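Protein sequence lines correspond, in order, to chains A and B.
Per our numbering, numbering through the first sequence is continuous, rising by one, with the last residue being 344.
Per our numbering, numbering through the second sequence is continuous, rising by one, with the last residue being 965.
Glycine included, each C-beta is placed from N, C-alpha and C at the ideal position.
Model, not experiment: these values are computed from the prediction.
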Amino acid sequence: MLEARGLCKSYGSRAVVSDLSLAVAGGEIVGLLGPNGAGKSTTVAMLCGLVAADAGEVFVGEGAARQRLTEDSQAPRRRIGVVPQELSIYENLGTEANLALFGALYGLSGTLLAERVAAALALVGLADRARDKPSTFSGGMKRRLNIAAALVHDPDILIFDEPTVGVDPQSRNAIFDNLEELRRRGKALLYTTHYMEEAERLCDRIVIVDHGKVVASDTLAGIERLLPATQVLEIEVDGLVDLAALGALPGIDGVTQQGELLRAGIADLGCNAPALLSALAASGRRVSRVTSARPGLEDVFLSLTGKQLRD
Amino acid sequence: MSNTLTALKALIKKDLVLYFSNRRALLMSIAAPIAIAAFFGAVFGSGGEKPTRVPIAVVDADGSALSKAVVAALQGDTTFEVRELAEPEAVALAQKGKVRVAIVLPAGFGAKTPAALMGGGDKAAVTLHYDPSQAIALPMVRGLLTQHVLKAIGETMGAAPGGAGPPRSAFSAPYETQALATTSTADRPYNGYAHSFAGMGVQFILFMGIEVGVGVLLARRLGLWKRLRAAPLSRATLLGSHILSGALTALILLAIIYAAAIAVFNVRIDGSVPGFIGIAVAFALLTSSFGLLIAAIGKTPEATRGLAIFATLIMVMLGGAWVPSFIFPQWLQTVSLVVPTRWAVDGLDAMTWRGLGFGAAIGPIVALLFFSALFAAIAIWRFDWEEPRG
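Encoded structure:
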């Protein structure tokens with residue numbers, strides 16, 4: 034439904050996106066992950082037609098309805114709904130009036146517009162607040178209206194740029210329900226986020242970008258297989274440890290420490306964990322707790338980019 | 576106590592650092608008073624400036640040696656810029672505000688005035704058609720006219736001025752004057768509110784135009800611009816909507832302001848109503864294109880608002896909304912012709928209390944539309960369409 038091929042974009046001499054390709058099918062949620070400055074926003078801007086790519090192409094639709102998206106093309110844009118990271122609603126315009134405006138931008142009017150506005154409000158659970166102004170809403174409600182504004186013209190493709198920033202858990206769950214409902218309806222969703230748990234819960238496939246390039250693209254299970262370690266060991270220690278020395282131990286990699294919590298990828302618990310614990314004891318560190326877990330998306334991300342997602 | 580002092584010092588330091596690190600705001604704080612002070616210094620005289628000549632017209636309906644001598648004396652006076660015309664043309668110029676006063680020396684002036692000076696016979700009636708919005712020039716014209724008439728009498732009678740006159744205790748001007756304000760009709764007194772509403776209306780509607788521009792910058796910052804740009808709209812539609820909505824808002828505001836002026840302050844559109852509407856529409860377009868220009872040039876809403884208010888105040892000052900433009904130095908009067916607010920204020924004056932016809936509206940309408948097109952063209956050229964990258 035949405036396909037990008039070989040996208041490149043530079044600002045001055047700095048390449049922000051280099052030969053980036055991705056595809057999103059109908060009924061699928063694809064997560065676009067990357068640390069700050071990885072080129073996510075520029076990629077999203079090119080996918081929405083807001084920024085012209087220096088090279089590469091974006092296609093919208095399938096089969097005979099497939100169209101190339103350019104900065105000036107209008108027809109493909111009708112099939113895309115964009116949920117910007119920033120709240121992009123008029124706070125002093127009524128909720129219904131906001132959606133009517135955004136629907137009118139896509140050529141909707143009359144009964145059809147009214148129906149679409151009602152449907153979008155119903156989907157995000159704001160039907161009973163249609164007459165109220167967003168300025169009276171909670172942060173979560175504004176976020177849901179921000180999503181509804183992208184749905185009102187019933188696009189085939191939805192691009193979400195971190196839509197849950199600053200949202201309370203209850204509203205976040207409501208938004209997830211909305212997204213899953215849209216997937217059930219056959220929409221193609223591209224979802225950028227900083228929250229690994231969101232990507233793990235929602236996304237059918239994940240694309241990880243760094244330095245403007247795709248460093249991994251697969252299902253969550255496929256991505257997790259990229260990490261050589263089969264387990265992650267979490268150890269509470271009473272001080273700083275020599276990460277490089279621990280990482281050099283056989284079967285140990287991806288060692289990080291945040292405060293008193295040490296995390297390490299471990300190939301074989303039975304064989305490699307004793308050596309790790311012994312090394313900690315030899316360095317004078319006292320271990321107060323040890324737990325093991327399967328490696329998650331965050332571990333893969335760290336392994337591929339060398340950065341925390343929020344760096 | 577020492578904790579309080581430490582906190583106080585830190586808070587003061589924070590304020591100073593924040594203020595002085597905002598270079599645009601700092602520049603405004605320094606540039607604005609310097610520019611405005613320089614403006615008023617130039618207007619009200621710095622001592623070294625050549626004084627501005629007051630434009631007047633003179634009508635010699637007498638054709639006598641005395642009236643010719645008076646006309647010649649006025650023309651030789653460096654205070655005035657004199658045009659000798661027939662009465663209808665001279666009055667028309669006063670009505671348009673092109674001359675401050677039109678002096679009409681009547682038939683019989685040359686015969687009656689010397690006799691009146693010596694205390695005998697009727698006095699000639701000199702008519703002074705004056706622009707009531709710039710009536711401050713009238714007493715000066717009266718005084719200098721009297722001086723030149725007395726001098727001319729002395730010269731034409733072969734006596735030294737003042738040497739053969741009547742006793743000072745019995746002195747009165749040897750002619751009568753009738754001052755007539757050049758309003759729309761003789762029975763309609765000058766209404767100073769009409770000019771005030773033109774000036775202040777123009778100023779505050781331009782402020783609204785600033786908000787249009789700042790609104791675009793805020794929309795871009797908040798991401799609304801991204802959503803609007805993602806829609807299947809041409810750039811012309813997107814920018815055109817801002818121009819038209821801004822113009823409609825300006826037009827509605829101007830209509831409300833003038834409705835209040837008419838209802839409460841007895842301001843009347845004594846000239847061409849279509850001309851008034853034409854000027855209002857052209858000014859409304861100018862306002863919105865000015866707003867768009869601000870959005871195109873501005874970087875942040877905060878800095879842009881300050882700079883735009885400063886630019887607007889300068890334009891309004893040069894437009895003659897605060898002080899009449901005739902007291903400007905000549906160079907400033909010339910400069911003010913390329914300031915759109917001058918055309919707007921003059922045009923609204925012409926269509927209200929001056930009572931001029933549609934022909935007098937054409938110049939302001941063309942000028943305002945020209946500036947609107949210029950501002951819009953620059954705005955479209957300079958407009959940053961691409962989203963700030965993240």
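Rounded C-alpha distance that separates residue i from residue j
i	j	result
A:I174	A:A297	It should be noted that the sequence gives Met, not Ile, for residue 174 of chain A. The straight-line gap from Cα to Cα measures roughly 40 Å.
B:I780	A:R218	49 Å
A:T252	A:S74	22 Å
A:F135	A:V185	7 Å
B:A710	B:F840	20 Å
A:R205	A:T225	15 Å
B:A613	A:D194	51 Å
A:V115	A:A281	46 Å
B:L660	B:A600	53 Å
B:F885	B:T879	10 Å
A:L222	A:T197	15 Å
A:E36	A:V57	6 Å
B:S715	B:Q753	The sequence as given places Met at residue 715 of chain B; Ser does not occur at that position. Cα-Cα distance, rounded: 15 Å.
A:H227	A:V320	31 Å
Neighbour-count burial assignment, residue i, 16 or more Cβ in a 10 Å radius
i	result
A:A277	exposed
B:S847	buried
A:I285	buried
A:R110	buried
B:S816	exposed
A:C236	buried
A:A347	Nothing about residue 347 of chain A can be read from this structure; chain A reaches only from 34 to 344.
B:I587	exposed
B:V910	exposed
B:Q670	buried
B:S604	exposed
B:L591	exposed
Under the three-state DSSP convention, the category residue i falls into
i	result
A:E195	coil
B:H817	helix
B:A677	strand
B:Y750	strand
A:Q107	coil
A:R318	coil
B:P630	strand
A:E119	coil
A:E124	coil
A:D332	helix
A:I239	strand
B:V842	coil
A:S43	strand
B:P736	Note that B:P736 scores 47 on pLDDT, short of 50, meaning its location in the model is unreliable; the coordinates nonetheless yield the value given after this. Reduced to three states, the DSSP call for B:P736 is coil.
A:V49	strand
A:H244	coil
B:R929	coil
A:E95	coil
B:I711	coil
A:G89	strand
A:V200	coil
A:V77	helix
Residue i beta carbon near the ligand PLP (any heavy atom closer than 8 Å)
i	result
B:P807	With respect to the ligand PLP, the structure offers nothing, as it holds no ligand at all.
Neighbourhood of residue i by C-beta, 7 Å cutoff - its chain only, sequence neighbours within 5 removed
i	result
A:A133	L146 and V150
A:V274	Q290, L295, L313, S316 and R318
B:S809	none
A:E90	R38 and R101
B:I955	L814
Own chain, CB closer than 8 Å to residue i, minus 5 neighbours either side, in chain order
i	result
A:I122	N131, P167, K175, L178, N179 and A182
A:E214	L156
A:A71	V242, D243, H244, G245 and T338
B:V674	P630, I631, A632, R658, A665, L668 and D706
6 Å Cβ shell around residue i - same chain, five flanking residues per side excluded
i	result
B:F858	A919 and L943
A:K42	V49, V50, T75, A86 and D87
B:F968	In the structure displayed, chain B extends from 576 to 965; residue 968 of chain B sits before or after that span and is not available.
A:R322	E269
A:L120	K175 and N179
B:G683	A699
B:E966	Examination of residue 966 of chain B is not possible in this model, given that chain B is present from 576 through 965 alone.
B:F750	Residue identity check: residue 750 of chain B is Tyr in the sequence provided, not Phe. T688, K698, A699 and V701, listed in sequence order.
To test your reading of the DSSP string, which unbroken alpha helix (DSSP H) runs of 4 or more residues are found completely within the region 255-315 of chain A? 276-280 and 302-315
Counting only runs of 4+ residues fully inside the region 163-194 of chain A, write out the alpha helix (DSSP H) ranges in chain order. 172-184
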